[in-house]
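What follows is a short report on a single structure.
Protein chains: 2
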Amino acid sequence: MVKKSATIITLNKAASEPIHLQIYTRFKEAVEGGLLNDGDRVPSTRVLASELGVARGTVESAYSMLLGEGIFVSKGQAGSFVHAPFRPVGQATPARTPRPRKTSSMAHPEPGLVAGGPSHVFLPGSPAYDAFPRKVWSRLASRRMRSLSAGDFSYRDPLGYLPLRQSIATYLRLSRGVACEPQQVFITVGYQGALDFLSRCLGLQGKDVWMEDPGYILATSMLQDVGAHLVRVPVDQEGMMVSEGIRMSPHASLAIVTPSHQSPLAMALSWSRRMQLLDWAGSAGAWVIEDDYDGEFRYSGYPLPSLKSLDQYDRVIYAGTFSKTLFPALRLGYLVLPQSLVDTCTEKARLYQLGSSIGPQLVVNDFIAEGHFSRHLKKMRSLYAERREMTRKVLRDVLGNHLEINAHKNGTHFAAKIISPHTDQAIVSGFNQLGYGIHALSRWTANGAQSSRAHSSHNGLIIGFTNIANEKTAEHAARQLQGFFT
Amino acid sequence: MVKKSATIITLNKAASEPIHLQIYTRFKEAVEGGLLNDGDRVPSTRVLASELGVARGTVESAYSMLLGEGIFVSKGQAGSFVHAPFRPVGQATPARTPRPRKTSSMAHPEPGLVAGGPSHVFLPGSPAYDAFPRKVWSRLASRRMRSLSAGDFSYRDPLGYLPLRQSIATYLRLSRGVACEPQQVFITVGYQGALDFLSRCLGLQGKDVWMEDPGYILATSMLQDVGAHLVRVPVDQEGMMVSEGIRMSPHASLAIVTPSHQSPLAMALSWSRRMQLLDWAGSAGAWVIEDDYDGEFRYSGYPLPSLKSLDQYDRVIYAGTFSKTLFPALRLGYLVLPQSLVDTCTEKARLYQLGSSIGPQLVVNDFIAEGHFSRHLKKMRSLYAERREMTRKVLRDVLGNHLEINAHKNGTHFAAKIISPHTDQAIVSGFNQLGYGIHALSRWTANGAQSSRAHSSHNGLIIGFTNIANEKTAEHAARQLQGFFT
């Protein structure tokens, strides 16, 4: 094995992907692709580090992630070995060195291709991977897979598996006050898939679309790509400044808003703004997408009602995702459509056939129907509240001179304003080289470079806390981050 | 239960969906949605028929499908009962009558939402559902589900699971002569998802696109919807008439072609046309999508090499799907991109994040890597050859005066020209009321209504044969079809 390692681990030192992540990924792919088999001995960290010309600590980081995920097992003095019991030796794909992936931090701002390890500490927008009920999930999934019927294999309704649409309708009615019929619920390929689909249904090309500034970077980039004309509406402490939107583009076709937890600044859209937005949509005949990506997570006080539940004009398209409540690799989200859009969208869904694979839909439905979903959310709410408090305290202790952290008790990340004379993009670029995944707030604004100036109000960091299992981890990461503020 | 049936089975007699399929679907949904529980007795066919005011035979058809799929079990004199052992009683979604679905035969020409039963006899474009190795699949899927690692839950590369991309590259190299690197292989949401994605990558709006006439109806409708300008290029016995395409639109951006098995007429694109098409694409700087939807199925002679394997200009985008080789509900297809498109498409894939759920990708990869895929294809090739011959003989015996069936020994369906004075759309509309799913060839042409005239060369039927298990089934269906020719 030692001899093979040099061909398997081809590093790209110029890439933005940190070296230890590259090592991790190459090994993982080599095991998954059958280049390495169960029981193969892997080189010692010392040997590999010298072979690759990198620091031993870098290799150790990668190995600890691989050991943590069970891809490697350690046998003490004997070294570490590949653990891949299910892949029969000799039936793998031919040996081939995976090329280093081209990564683009703009187009792919959530590089979290790996779980555990520093890449998820501080990464915003991810659920706690260590707390997902893997055993329950695996049990439900295995059960479903054993009992597939012939009908499960055939062409399915591209709108989604009906029982799942019913379960989601029930869930939203109870948890978010959204009264809807199952036929208004469409299953989508995550939130990006929902936006892509809506851009087809609503014909957004050349149309004015209000988008919060700052606002979710992937949505912004995609809407630009489909040819929408983005009207970046500023955000203040009450959320999107609706009157500014009306001033800038009174006849926009669509407004995209994150009312329960502004993405990324975390305040809720105030009651009066909600009313103002709905009244505008009603009179302008505009659609409103309520991106409720984090609506499940609120740690004190009462949530404001969802925009959709207040929508007497039937203009609100509610968008939710299982990426935050279950896990992102599912690629499952959902829309609740106004009645008047159901026919058009049904036709488009049948035309584009972008339905999701049936298997994951069956399992998610069981997970909800058997009560695991609500139990899991309840647990995550208390876990995230703890991790949030703990991380906040550590960040304040270690970085209090540099960061002002928002006080909103909701969501899965902090937006932290930089109050010392440093720019977010420089900090993030250095820090993420260590394998972290924080975001620069200025990248989420309409005018990125300018916003990144010191003392600009959007010169800040977006810091996730859901995957920080203990204070030691938080402190270690915070101290590493602090190193870039000197 | 008898009292509940009237609320569960709400028929829509005006809908195009046949009554027995409506009954089947409502029961299936009621069981899946928890309105009916394991062990519930269902009404007798006589009682339900009288309640609903339909013929008893109609209810019997539906019940035989439900019994065949194991959703009902028969206990002889005691009647039939719901069989749903895994759904715990009382944890279902609230009682709610599913509304009849709106179905549109144009937008959704493959109504095959059900397996078994007459809906799949003669339905084109489906694999043999009775011959899919469910046990092997379930075993692999359960195994994978039991061994999910934390990394499987996180954000994954939207281009697809790398080992699967490697497996597909290997498979295509061996079976279709397509030499490609894994990084050229992109996993898509079936073929429609591939087209949707390519329309984003290539920016097809307002561009000329060659499309065969007749040609795959869903692709045609979608391309029109994305704003492409379709140039319908006629097809003769050698496939797409490339010189006509050049005459009609010499500077088109894209040509979409089905070289191994023209969709739907079944001839292969001749060698000289392949060369002519590639030369044109090379000099015009146009892209060519090779839709190899049925390339795996050829029953005699040697296949022509894939267009992609002949492509010295690097203009061919190869598109394949697991919908025909595994099953449609997977929603998994793949593209092999020219090297020069890899960067653009990678960026778009990361922007739109339309990646497929990880679970099905893991299972498909195991299925290929462990040799099940090639075994399955080999079996299906001989099974389809048999079913093809048997169905052809029956159609000739029963309908020889009305239909002229093509002689191409490939694919999964017949294109049959109507030689008596009947129009395909009238025949199909009547016949499919019985629950079948044949297609009218004229619907696949640029000028549907005109093509449907008697004696028009595209007045014909598209008839699948993969799900016809025996001669009795073929004969029964053929005789029913014959009834509409009198």
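Just so you know, the protein sequences line up as chains D and B, in that order. For the first sequence, counting from 1, position 125 maps to 125 in this note's numbering; every step adds exactly one. For the second sequence, counting from 1, position 216 maps to 216 in this note's numbering; every step adds exactly one. Just so it is clear, CB atoms sit at the ideal spot from N, CA and C, and this is done for glycine as well.
Going by the CB atoms, is the gap between A281/D and R315/D shorter than 8 Å?
Taking 8 Å as the cut-off, the beta carbon of R315/D is found closer than this to the beta carbon of A281/D.
How many Å lie between R176/B and G285/B at the Cα?
Distance between R176/B and G285/B, taken at the CA atoms: about 24 Å.
Can you list the beta strand (DSSP E) stretches of 3 or more residues lying completely in the segment 266–347 of chain B, in chain order?
DSSP runs (the beta strand (DSSP E)) wholly in the segment 266–347 of chain B: 287–291, 316–321 and 333–336.
Closer than 9 Å, Cβ to any Cβ of chain B: which residues of the segment 225–238 of chain D, in chain order?
Here the close residues are D225, V226 and G227.
Who are the near neighbours of F484/D in its chain, counting only those whose CB is closer than 6 Å to its CB and skipping five residues on each side?
I427, G430 and F431, listed in sequence order.
Near-chain D residues of the segment 188–217 of chain B (beta-carbon distance less than 9 Å), N- to C-terminal order:
The segment 188–217 of chain B vs chain D, Cβ under 9 Å: V189, G190, Y191, Q192, G193, L195, D196, R200 and Q205.
Using a Cβ-Cβ cutoff of less than 6 Å, which residues in the same chain neighbour I487/B once the five nearest sequence positions on both sides are dropped?
The structure shown has nothing for residue 487/B, since chain B only spans 1 to 486.
Given this structure, state the Cα-to-Cα distance separating V59/B from G215/D, to the nearest angstrom.
So the two alpha carbons sit approximately 55 Å from each other.
Is it true that the CB of I217/B sits closer than 8 Å to the CB of R443/B?
Yes; because the gap between Cβ atoms is below 8 Å, this pair is in contact.
Under 8 Å, Cβ to Cβ, is there at least one residue of chain B near S253/D?
So no, S253/D is outside the interface.
Partners in chain B for K28/D, counting only beta-carbon separations shorter than 8 Å:
Within chain B, the residues near K28/D are G151.
T466/B versus L330/B: straight-line alpha-carbon distance, rounded
Approximately 18 Å between the Cα atoms of the pair.
Suppose you measure from the CA of Q411/B to the CA of P133/D; what does that come to, to the nearest Å?
Residue identity check: residue 411/B is Gly in the sequence provided, not Gln. Inter-residue distance for G411/B and P133/D is about 45 Å (C-alpha atoms, whole angstroms).
Looking only at DSSP bridge pairs, what is W210/D linked to?
W210/D is bridged to V231/D and A255/D.
Test: A141/D CB closer than 8 Å to a CB of chain B:
Interface criterion met: the Cβ of A141/D is under 8 Å from a Cβ in chain B.
By how many angstroms is the C-alpha of L198/B removed from the C-alpha of G112/D?
Bear in mind that a pLDDT of 33 at G112/D, under 50, signals an unreliable position, so the model cannot answer this.
Is the Cβ-Cβ distance between A454/D and T423/D less than 8 Å?
If you check the CB distance, A454/D and T423/D come in under 8 Å.
So is K472/B buried or exposed if we call it buried at 16+ other beta carbons inside 10 Å?
Label assigned to K472/B: exposed.
Spatial distance of L202/B from N470/D (CA atoms)
In a straight line, the C-alpha of L202/B is about 47 Å away from that of N470/D.
Mapping the DSSP letters down to three states, classify K13/D as helix, strand or coil.
Three-state result, K13/D: coil.
So if DSSP puts D236/B in a beta bridge, which residue, or which two residues, is it bridged to?
In the DSSP output, where bridge partners are listed per residue, D236/B has G239/B.
Please list the terminal residues of the continuous alpha helix (DSSP H) segment that includes E471/D.
Note, E471/D: alpha helix (DSSP H), E471 to Q482.
Tell me which same chain residues have a C-beta within less than 7 Å of the C-beta of H458/D, skipping the five on either side of it?
P214, L441, S442, T445 and S451, listed in sequence order.
Name the chain B residues whose beta carbon is nearer than 9 Å to that of P360/D?
What P360/D touches in chain B: S357, I358, G359 and P360.
Touch test, the segment 257–266 of chain D against the segment 294–305 of chain D, Cβ-Cβ under 8 Å, three pairs minimum
Yes: the two stretches touch, three or more of their Cβ pairs being nearer than 8 Å.
Closest to R274/B by CA distance: which of E238/B, S253/B and V73/B is it?
Across the set E238/B, S253/B and V73/B, the C-alpha of E238/B shows the shortest separation from the C-alpha of R274/B.
Contact with chain B by L351/D, beta-carbon distance below 8 Å:
At least one CB atom of chain B sits nearer than 8 Å to the CB of L351/D.
At the level of alpha carbons, what is the spacing between Q353/B and S456/B?
Near 45 Å, if we compare the C-alpha coordinates of S456/B and Q353/B.
Taking all protein chains shown into account, decide if A386/B is buried (16 or more other Cβ within 10 angstroms of its Cβ) or exposed.
Here residue 386/B is Glu; the residue named in the question, Ala, does not match the sequence. Exposed.
Hey, T325/D and L377/D: beta-carbon distance below 8 Å or not?
Yes, Cβ-Cβ distance for T325/D and L377/D is below 8 Å.
Can you grab the Cα-Cα spacing for the pair P158/D / V185/D, in whole Å?
P158/D and V185/D: Cα-Cα distance of roughly 12 Å.
Where T412/B sits in the DSSP three-state scheme:
Coil.
So, helix, strand or coil for R156/B, using DSSP?
Looking at R156/B - three-state DSSP - the assignment turns out to be coil, as it is neither helix nor strand.
With H, G and I counted as helix, E and B as strand and the rest as coil, what does DSSP make of V189/B?
In the structure shown, V189/B sits in coil (DSSP, three-state: anything other than H, G, I, E or B).
Would you kindly check if the distance between the Cβ of S356/D and the Cβ of G160/D is under 8 Å?
Cβ atoms of G160/D and S356/D: closer than 8 Å.
Give a yes or no on whether the minimum CB-CB distance between G435/B and chain D is below 8 Å.
So, not an interface residue.
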